[in-house]
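Read through the structure below, which is laid out as structure tokens, and then see the notes.
Number of protein chains: 2
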Amino acid sequence: MAGLVTVEDPDDPRLHDYTGLTDVELRRRREPAEGLFIAEGEKVIRRAGEAGYAMRSMLLSAKWVDAMRDVIDRSAAPVYVVDPALAEQVTGYHVHRGALASMQRKPLPTAAEVLGAARRVVIMESVNDHTNIGAIFRSAAALGMDAVLLSPDCADPLYRRSVKVSMGAVFSVPYVRLDSWPGGLDPVREAGFALLALTPDEKARSLDEAAPHRMDRVAVMLGAEGDGLSARALAAADERVRIPMSHGVDSLNVGAAAAVAFYAVTAGRPGA
Amino acid sequence: MAGLVTVEDPDDPRLHDYTGLTDVELRRRREPAEGLFIAEGEKVIRRAGEAGYAMRSMLLSAKWVDAMRDVIDRSAAPVYVVDPALAEQVTGYHVHRGALASMQRKPLPTAAEVLGAARRVVIMESVNDHTNIGAIFRSAAALGMDAVLLSPDCADPLYRRSVKVSMGAVFSVPYVRLDSWPGGLDPVREAGFALLALTPDEKARSLDEAAPHRMDRVAVMLGAEGDGLSARALAAADERVRIPMSHGVDSLNVGAAAAVAFYAVTAGRPGA
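As they're listed, the protein sequences go chains A and B.
To convert, note that position 258 of the first sequence is 258 in full-length UniProt numbering; the numbers rise steadily by one, no gaps.
To convert, note that position 63 of the second sequence is 63 in full-length UniProt numbering; the numbers rise steadily by one, no gaps.
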């Protein structure tokens, strides 16, 4: 069981994991370098623990101690109990969910490790928006996608905002960061996956015609909101597919498009 | 052509349409009562005009006058040119899109008017979140839904945030506010629509099994994030359908669920 430690000095070095949480650029650099990520709110903290992430520490306001008692009792990590005003001073925002945990990152699996058992994977290129990343993971988990592969320049799925929007799905869907692009797609094709590039291009085949739910192994490639997939990513795909759109509408947002594509590749397949 | 009027007094009564834009409760009451709504940003203002909404006035910072010149020239409405600091003082926020327009609402059509020509409609119950309303309209437009019916307690699709998130789709998909619930659903059924209630309930039939894209006329019923459809709405439906979900995941967010359902009822139908 961990000890409860009341902290009253915002400069206490034991609170270092929680400093400047609203400074996205700072946290983007610091968190992977220091091997941590921040889980926010009771539900997300519990899900991180259930997914096997080790807790480094927890930062709670006093009224959250009872609600988190079982989590506190199961962990050896220190629990810093602070006044809400001090929490705001340290983190830079009003922590209305009342509980933060600093969790230890785990080494990511390799592409070969996740591709062996997978039949439906998501590939994201240059998705930099933490909200979009989180929303895509949430839909991927709900709709039965087996794994996510990220191009080298995608944003961090374990960034606080991504974790929150995903409702913890970033813990349950295994993901890999590819170290070359688009060269990192070759092993995916070699593992027997059809690479389907999602595009609004009207010349692409519509998803319902392509019937990807009948394919054995499918990888759905998604680009960022706005730009979509790059020309070289499109060139590396086996087929371009589109969601049938009504005339005069720009496009779906990337979260909605992803959900539709995941449904189209998973619905009706054996076991789904 | 409209006149450009430089305004320097934040209390100038001509700016009344734009006061207190960040006060959601105030604007919720005022805008329908005064018959106006606010369009924000060049693209949305243009789309409102193209959809036939009359402009009451426009509020611009000086640097937006050139970009909006053609809109200004086509309209008889006054254009108030203000300093960005004054715009912030009046509206309550920093208007980073630089252009606001107050538009005149149009009378809503009746259910009978929209149902005659429609084959795919959306019915929302108690959707109170302006972001969700906007996202659902955007997906409805993109995926070819013909009309939206709202329960009496749904939020206003013409509220600024809904308009923005919808990318103007609230102007292009006709919508109706039902005046009774769930009694207002009877005319929908009488018009030959199958009422499909979307639910996460595992006992419901999965969308891919229900194959609603083969049905002649379909109405997809959606509830609010969290609560979903009420018991009486579910009782009023012809069939309960679910998106096939992986185990252990709570649900999709309502925007993603709506997009999947719209795809499932429109993809593969003749003409889509």
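The beta-carbon is built from N, C-alpha and C at its ideal position, and this holds for glycine as well.
Approximately 7 angstroms separates the beta-carbon atoms of residue 105 of chain A and residue 158 of chain A; this is inside 8 angstroms, confirming the contact. Taking CB atoms only, residue 261 of chain A has no neighbour in chain B less than 7 angstroms away.
Burial check for residue 244 of chain A: the Cβ neighbour count within 10 Å reaches 16 or more, so the residue is buried. In the structure shown, residue 30 of chain A adopts helical secondary structure according to DSSP, grouped into three states.
DSSP, reduced to helix, strand and coil, places residue 255 of chain B within a helical segment of the structure shown. Rounded to whole angstroms, the gap between the alpha carbons of residue 189 of chain A and residue 190 of chain B is 51 angstroms. Here residue 44 of chain B is actually not in contact with residue 134 of chain B; their C-beta atoms are around 11 angstroms apart, not less than 8 angstroms. The three-state secondary structure of residue 168 of chain A, taken from DSSP, is coil. Look at residue 134 of chain B here: in three-state DSSP terms it is helix.
In this structure, the beta-carbon distance from residue 260 of chain B to residue 5 of chain A does not fall below 7 angstroms. Within chain B, not a single residue places a beta-carbon under 7 angstroms from that of residue 133 of chain A; the smallest gap is close to 14 angstroms. Within a 10 Å sphere around the beta-carbon of residue 91 of chain B sit 16 or more other beta-carbons, which makes this residue buried. A Cβ-Cβ separation of about 7 angstroms places residue 102 of chain A in contact with residue 18 of chain A under the 8 angstroms criterion.
The DSSP-derived three-state label of residue 113 of chain A is helix.
At a cut-off of 7 angstroms between beta carbons, residue 153 of chain A makes no contact with chain B.
Rounded to the nearest whole angstrom, the C-alpha separation of residue 129 of chain B and residue 38 of chain B is 17 angstroms. In chain B, no part has a C-beta under 9 angstroms from the C-beta of residue 196 of chain A; the shortest such distance is about 15 angstroms. Burial check for residue 40 of chain B: the Cβ neighbour count within 10 Å reaches 16 or more, so the residue is buried. In the three-state reduction of the DSSP assignment, residue 246 of chain B falls in the coil class, being assigned neither a helical nor a strand state.
Three or more Cβ pairs drawn from the region 141-148 of chain B and the region 109-125 of chain B lie within less than 8 angstroms of each other, which places the two stretches in contact. For residue 207 of chain B, the C-beta contacts it makes with chain A under 9 angstroms involve 263, 267, in order along the chain.
Cβ neighbours of residue 26 of chain A within its own chain (closer than 7 angstroms, five residues either side excluded): 20. Sixteen is the threshold: when 16 or more other Cβ atoms of the shown chains lie within 10 Å of the Cβ of residue 139 of chain A, as they do, the residue is buried. Here the alpha carbon of residue 229 of chain B sits roughly 28 angstroms from the alpha carbon of residue 46 of chain A.
In chain order, 142 make up the part of chain B whose C-beta sits under 7 angstroms from the C-beta of residue 251 of chain A.
Apart from sequence neighbours up to five positions away, the residues of its chain that approach residue 81 of chain A with a beta-carbon distance below 6 angstroms are 4, 6, 60, 62, ordered along the chain.
The DSSP assignment places 42-50, 69-74, 84-91, 111-117 as complete runs of the alpha helix (DSSP H) inside the region 29-117 of chain B, in order along the chain (cut-off: 4 residues). Excluding residues up to 5 positions away in sequence, 120, 212, 213, 218, 220 lie with their Cβ nearer than 7 angstroms to the Cβ of residue 265 of chain A in the same chain. Classified as exposed, residue 186 of chain A has fewer than 16 neighbouring CB atoms from the shown chains inside 10 Å of its CB. In terms of Cβ geometry, residue 173 of chain A and residue 141 of chain A form a close pair [threshold 7 angstroms]. Residue nearest to residue 11 of chain A within the set A/49, A/74, A/87, A/50 is A/87 (criterion: CA-CA distance). The beta carbons of residue 234 of chain B and residue 197 of chain B sit closer together than 7 angstroms.
Going by beta carbons, residue 210 of chain A and residue 241 of chain A fall inside the 7 angstroms limit. In the DSSP assignment, residue 197 of chain B falls within the unbroken beta strand (DSSP E) covering 194-198. Proximity of residue 139 of chain B to chain A, defined by a Cβ-Cβ separation below 7 angstroms, is satisfied.
Contact between residue 36 of chain B and residue 56 of chain B is confirmed by a C-beta separation of about 6 angstroms, below the 8 angstroms threshold.
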